[in-house]
Amino acid sequence: MIVWVDSKSSLLETFDKLIETSVIGLDTEFIRTNTFFPKLALLQISDGNDAWLIDVLSINDLSVFSRFFESSEKKICFAFLCRGFRGFKTLPRIKVG
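Counting with this note's numbering, you get residues 2 to 98 for the letters of the sequence shown.
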């Protein structure tokens with residue numbers, strides 16, 4: 002199942018479903034036009050069965066992302082082409098390079 006997430010409430014529901022998942026796949030899309038710094042636009046997360054397409058620009062409270070990725074639950078993230086995360090401090094556990 003593919004789920005479009007564009008509100009804080011649906012994002013919280015998504016993270017509630019994923020909080021106990023030990024392995025997630027992660028992909029990002031950034032807006033790089035008309036800006037000196039890339040803006041995270043879309044975050045795609047999968048647990049291997051379902052996928053969530055998160056419209057980051059529609060969700061004003063990015064602290065929700067920090068709470069999820071900094072939770073005490075262990076997560077293994079497979080991140081693809083996340084070079085845009087350099088300098089993007091909302092998801093501190095993701096290491097690029």
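For every residue, glycine included, the Cβ atom is placed at its ideal position computed from N, Cα and C.
Small disclaimer: the values here were computed from a predicted structure and weren't measured.
Burial state of residue i, where buried means 16 or more other Cβ atoms lie within 10 Å
{"i": "residue 41", "result": "buried"}
{"i": "residue 97", "result": "Low confidence applies to residue 97: its pLDDT is 42, below 50, so where it sits in the model is not reliable, and the reading given next is rough at best. Exposed, because fewer than 16 other Cβ atoms sit within 10 Å of the Cβ of residue 97."}
{"i": "residue 38", "result": "exposed"}
{"i": "residue 94", "result": "Unreliable placement is indicated for residue 94, whose pLDDT of 47 sits below 50; the coordinate value is still reported in the next sentence. Exposed: under 16 other Cβ atoms inside 10 Å."}
Integer Cβ distance of residue i from residue j, believed to fall under 8 Å
{"i": "residue 43", "j": "residue 25", "result": "That pair is no contact at about 16 Å."}
{"i": "residue 59", "j": "residue 23", "result": "Not confirmed; about 28 Å, so no contact."}
{"i": "residue 72", "j": "residue 20", "result": "6 Å"}
Residue i, enclosing beta strand (DSSP E) - first and last residue
{"i": "residue 109", "result": "No information on residue 109 is available, as it lies outside the stretch 2 to 98 that the chain covers here."}
Range of the contiguous alpha helix (DSSP H) that encloses residue i
{"i": "residue 19", "result": "9 to 19"}
{"i": "residue 4", "result": "Residue 4 -> not in any alpha helix (DSSP H); beta strand (DSSP E) instead, spanning 3 to 6."}
{"i": "residue 72", "result": "Per DSSP, residue 72 belongs to no alpha helix (DSSP H) and is neither H nor E."}
Contacts around residue i, its chain only, beta-carbon distance under 7 Å, and the 5 residues preceding and following it disregarded
{"i": "residue 62", "result": "9"}
Own chain, CB closer than 6 Å to residue i, minus 5 neighbours either side, in chain order
{"i": "residue 3", "result": "52"}
{"i": "residue 65", "result": "12"}
{"i": "residue 35", "result": "none"}
{"i": "residue 16", "result": "69"}
{"i": "residue 45", "result": "28 and 54"}
{"i": "residue 5", "result": "54"}
Other residues of its chain near residue i: CB distance less than 8 Å, five sequence neighbours each side excluded
{"i": "residue 88", "result": "Any reading at residue 88 needs caution, since the residue's pLDDT is 48, under 50, leaving its predicted position unreliable; the model's value is listed next. For residue 88, where only same-chain residues beyond five positions count, the Cβ hits under 8 Å are 38."}
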